[in-house]
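Counting with the working numbering, you get residues 47 to 806 for the letters of the sequence shown.
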Amino acid sequence: MEKIRCEEMNENSASCKLPINTELKIIEDPVFVQVHVAADRKDIGRNWTHREKWLLSICIFVVVVLVAFVTVTFVFKEIYNGDEEICLTTDCIKTAAELLEDIDFSVDPCDDFYQYTCGNWERRNIIPEDMAAIGNIERQHRKLQIIIKRILETPPNQFDGNATTKAKTLYKSCMNMSQIQYIGDKPFHHILRSFGGWPVITDQWDADKFSIESTLAKLYKEFHISVILNFNVSPDDKNSSTNIIHLDQAHLGMPSRDYYLDPNDIQYVDAYENFMVSVSELLGADRNFSGKELREVIQFETELANITNSIEDRVDMESLYTKISIAELNQMAPEFDWLKYFRSIISPDVQESEQLVTIAPNYLRNMSQLLSRTHKRIIANYIFWIMTKELCPHLTHEYRLLDYRYRKVLEGIRKEKTLWESCVSFINTEIGHAVGALFVSEHFKKENKDIALEMIQNIRNAFNKLLDDNTWMDEETRKFAKEKANAMIGMIGYPEFILKKSKLDKFYEMLEVDPDSYFRSVHQIKRYKSHNQIKELREPVDREKWLQDPAVINAYYNPNTNDIVFPAGILQPVFYSNSYPKSLNYGGIGIVIGHEITHGFDNRGRKFDKTGNLKQWWKNETIEAFNKKAQCMIDQYSSFVLKQAGLKIRGINTLGENIADNGGLKQAYQAYQQWVADHGAEPPLPGLNLTHEQLFFVNYARIWCGKMRDEEALNQIRTEVHSPGPIRVKGPLSNSVEFSKVYNCPLGSNMNPEHKCQVW
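Now the structure itself:
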C-alpha cells in the first residue's frame with residue numbers, strides 16, 4: 047500500500063492532488079492521542095470547565111473534518127477510475143460543497159434542468175418577510191449592501207474627500223429617525239405650499255394660478271420627478287454625438303397599465319386608493335372629502351393608462367423614432383403649451399425651433415387632449431399625489447408605514463425593510479460614484495479587471511466565429527457586424543476618475559448635504575440630478591459616461607456608444623470568483639459578457655451601427671431572415687408558462703433579453719472550449735461526478751435559482767423585459783445543442799426538443 051501525505055501548503059502552493067489509483071492511510075498523531083487519554087483519566091468524577099468543553103468541541107470538529115476529508119477522498123476513488131487527478135485545494139472543495147448544496151440529483155437534468163440545479167436550493171431557502179423574491183442574485187445584493195453599510199458607518203477620516211464625506215454624512219442623517227420624527231412633515235408642507243398647494247389638503251388652492259406646464263417643469267427641476275410627461279436629455283439615436291431632448295410617456299402610480307385596466311385587479315386598485323386617502327389624511331385632509339376627490343384621480347389615471355403604449359407597442363424603435371421641433375409639436379398637440387413647458391424646465395432662451403425626439407407621438411397627442419377636457423383640480427391632485435408617493439419613503443415613520451401597507455398588497459411582503467437597507471439603497475442609487483469609490487478601493491482587485499477584459503476578448507472572438515459560421519447573413523452585413531463587434535468597448539469595474547479624490551470632489555461639488563435635515567438633503571440631491579441632466583443639452587456627448595454606478599450587481603449594453611459595461615459589484619459569486627474553475631466563471635460572468643455583446647445584435651441593438659447611430663445597415667434579405675428567426679423565439683417563449691402565476695410569458699416583451707440569453711450562452715461555451723484547447727482540461731471538482739462542460743451549464747442555471755411570491759410573479763410577467771428565472775434556464779438550454787450533447791439528453795426530451803430556435 048502506497049502511503050500518501052500532503053505536506054503543509056504555503057500561500058503559493060496551487061493544490062494538493064491525489065492520484066485516484068492510490069490508497070490513503072490515516073496517520074494518527076501519538077502526541078494528540080496521549081494527551082487526550084490523559085485528560086480523560088484526570089477528569090473522571092468532576093465537572094468540566096467551560097474552557098475544557100470549548101477545547102473538546104474544537105477537537106471533535108477537527109476529527110469530523112478529517113473524517114469527512116477521508117470519506118470524500120474514498121468517494122472520489124469510487125467515482126473516478128482513471129488516472130485523472132481531482133482538484134483538492136480548499137477552493138475546489140468549497141466550490142464543490144456550494145454546488146452540492148444546491149443540486150437535486152434525484153431530478154433528471156434532461157427533464158427539468160432548473161429543478162435539477164436549484165431543487166435543493168429552493169428547499170433550503172425561504173423568502174424573507176421584507177422581500178417579494180429571493181434568489182442567488184438577491185443574496186449577493188444583500189451581501190453587497192452589508193459591505194456598503196459597513197463602509198458608510200465608518201466615520202469620515204483623513205482619507206475621505208468631500209464627496210465620500212457627503213455620502214457618509216447623508217447615511218448618518220438617513221439613519222437618524224429620531225431627528226426625522228422630530229422635524230416631522232413640516233418641510234414637505236412647505237414644499238407643497240411653494241407649488242401652490244395640494245388641492246385635496248387645502249382650501250387655499252387657486253385654479254387660476256395653477257399652470258400644468260409650469261408645475262410639471264418645476265416638479266422635474268426640484269425633485270427629478272416626471273408626471274404625465276417623461277423628460278430627459280440623452281444622445282440623439284440618429285446622431286449619437288449630439289445630446290437632445292427626449293419626450294416620452296411617464297410611469298404611472300402602479301407598476302403597469304394592466305393594474306388599471308384588468309377588472310380582476312380590483313384588490314390592487316383598492317389598496318392604491320386607500321394608500322392615497324390615508325396619506326392625504328396624514329397631511330391634514332378630511333378622509334371623506336379626500337376619498338371622493340382621489341377616486342376622481344384614479345379615474346383620470348386610468349384614462350392615462352388607456353392612452354399609454356404597452357411594452358409590445360414600443361419595440362420597433364426605428365418606426366417610432368420621431369424628430370420634431372417644438373413648433374411642430376405645438377401643431378401636433380396644441381392643447382398643451384409646449385414652449386412654456388420647455389422654457390420653464392430648460393431656459394427662457396428656448397425657441398420654437400428647438401429639436402426634440404419622441405417615440406410616443408400618439409401618446410403626446412392623446413395626452414394633450416385628455417388634459418384639455420379634465421378639470422385642473424383633478425390634474426393638480428394627480429400631480430401632487432405622485433409627488434407625495436415618491437417622497438413618502440423619506441418622510442416620518444407614519445408615511446413609510448402607509449407605503450409598506452400598500453406594497454404588502456402589491457408585492458406580498460410581510461414586513462418593512464430595515465432602515466439601514468433603505469438608506470444604503472437610496473445613497474448608492476443617488477450618489478453612487480462616491481459610494482463606488484469607497485467600495486472599489488477596498489473590495490475590487492485590479493486582477494479581476496484584467497481577467498474580465500481577457501474574457502471579453504475571448505467571447506468576442508467566439509461571437510465573430512458565430513458570424514463566420516452564420517448561413518443566413520449576406521456578406522456585406524456580416525462584414526459590418528464584425529466591425530461593430532470589434533469596435534465594442536468593454537468597461538470593467540468603475541470609471542477611473544472616481545479614485546482621484548480631486549476629480550470626484552469636483553463631480554459632486556454642487557451637491558449640498560445637510561447633516562441636520564435628511565429631507566432637505568433629499569431635495570438637494572434630486573435638484574442636483576435634474577440640474578446635471580438639463581445642462582447636458584448644450585454639451586457634447588460624454589462617451590465615457592457610466593450609466594450605472596460601480597457597487598451594483600448588473601451589466602448593460604449602451605447602443606449609443608456601443609459599450610458593454612460590467613460594474614465592480616457583479617464580479618463576485620455566483621457570477622465570478624478567483625477561486626472558481628474557468629468552467630464556472632465562463633458559465634457565470636462569461637455568459638453575462640456574451641449576453642451584453644448579443645444585445646448589440648438583438649431586435650433593437652442590431653439597428654444601431656458601430657458608432658451608435660440608429661440606421662439601416664442590414665440588407666433587406668438579411669433583415670427578413672433575422673425576423674423569421676426572432677419570430678421562432680417569440681412563439682417559443684410565448685408557449686412557456688410560469689407555473690406560479692399560471693400565465694404565459696410575453697414573448698414579444700422579452701424578445702431582446704431572450705435573444706441575448708441564448709446568444710450569450712453559446713458564445714461563452716465556445717469561448718470556454720477554446721480556453722480548454724489552449725490551456726488544457728481542468729481537474730474535476732470533488733464529489734460531483736460532473737465534467738467541467740456540465741458544470742458550465744450548472745453555474746448558468748444556478749444564477750437563476752430563486753423563489754418569489756405570487757404577487758411578484760404576476761408583476762414580473764406584466765412589467766419585466768426579462769423572462770423569469772426558470773424560463774431563463776429552460777429556454778436557452780433547450781435550444782442548445784451543446785447542452786443536450788454534454789448531458790446526453792434524448793431527442794424529444796423536455797430539455798432537448800426536436801424544434802429549436804436560434805438567432806445567434
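Beta carbons: idealized from backbone N, C-alpha and C, even for Gly.
These figures come from a predicted structure and were not determined experimentally.
- Note that the C-beta distance between lysine 575 and histidine 270 is below 8 Å.
- When C-alpha distances from threonine 211 are compared across Gly243, Pro394 and Ile473, the shortest belongs to Ile473.
- Residue nearest to proline 541 within the set Asp520, Thr700, Thr765 and Val481 is Val481 (criterion: CA-CA distance).
- The secondary-structure analysis by DSSP pairs lysine 369 across a beta bridge with Val403.
- Looking from the CA of threonine 475, the closest CA among Ala717, Asn289, Val568 and Leu693 belongs to Val568.
- At a Cβ-Cβ threshold of 8 Å, tryptophan 384 and isoleucine 372 count as neighbours.
- Under the three-pair Cβ rule at 8 Å, the region 697-712 counts as touching the region 637-653.
- When C-alpha distances from lysine 189 are compared across Asn704, Arg650, Gln618 and Asp595, the shortest belongs to Gln618.
- Of the candidates Ser365, Ser414 and Val315, the residue whose Cα lies closest to the Cα of threonine 354 is Ser414.
- If you keep only unbroken alpha helix (DSSP H) runs of at least 4 residues inside the region 154-232, you get 159-170, 182-199, 208-221 and 223-229.
- As the crow flies, the alpha-carbon of aspartate 681 is around 7 Å from that of glycine 697.
- Residue pairing for valine 687: DSSP places it in a beta bridge opposite Lys694.
- With contacts defined by Cβ atoms closer than 8 Å, isoleucine 637 and alanine 747 do not form a contacting pair.
- Taking 8 Å as the cut-off, the beta carbon of proline 233 is found closer than this to the beta carbon of arginine 566.
- For glutamate 259, the closest of Ser280, Arg196 and Pro380 by C-alpha to C-alpha distance is Pro380.
- In this structure, DSSP gives leucine 293 an extended state, which the three-state scheme calls strand.
- Looking at the DSSP output, aspartate 609 shares a beta bridge with Ile535 and Asn604.
- Two segments are said to touch when three or more pairs of C-beta atoms, one from each, lie closer than 8 Å; by this definition the region 528-538 touches the region 594-614.
- Across the structure, alanine 209 and phenylalanine 686 are spaced so that their CA atoms are roughly 48 Å apart.
- Under the Cβ criterion (8 Å, minimum of three pairs), the region 292-311 counts as touching the region 756-768.
- Contact holds between the region 320-328 and the region 428-448, because three or more Cβ pairs, one in each stretch, are under 8 Å apart.
- DSSP, reduced to helix, strand and coil, places threonine 420 outside both helices and strands of the structure shown, so it counts as coil.
- About 11 Å separates the CB atoms of histidine 479 and aspartate 551; that is not less than 8 Å, and the two are not in contact.
- In the structure shown, the three-state DSSP call for isoleucine 132 is strand.
- When Thr737, Asn659 and Gly634 are compared, the shortest CA-CA separation from serine 286 is found for Asn659.
- Measuring C-alpha to C-alpha distances from alanine 498 to each of Asn412, Phe621 and Lys572 identifies Phe621 as the nearest.
- Contact annotation: asparagine 649 and leucine 701 have beta-carbon atoms nearer than 8 Å.
- Distances from the alpha-carbon of isoleucine 237 to those of Leu441, Leu513 and Asn699 put Leu441 closest.
- Around the beta-carbon of aspartate 282, 16 or more other beta-carbon atoms lie within 10 Å, marking it buried.
- Between tryptophan 431 and methionine 300, the beta carbon gap of about 12 Å keeps them out of contact (Cβ cut-off 8 Å).
- When C-alpha distances from asparagine 507 are compared across Glu521, Ile639, Val403 and Ser399, the shortest belongs to Ile639.
- With respect to asparagine 412, alanine 717 sits apart: the two C-beta atoms are not nearer than 8 Å.
- Collapsing the DSSP output to three states places asparagine 278 in a strand.
- In this structure, the CA atom of lysine 674 is about 29 Å from the CA atom of serine 302.
- Three or more beta-carbon pairs drawn from the region 733-753 and the region 132-152 are found closer than 8 Å, and the two stretches are therefore classed as touching.
- Looking at the DSSP output, asparagine 285 sits in a beta bridge with Asp282.
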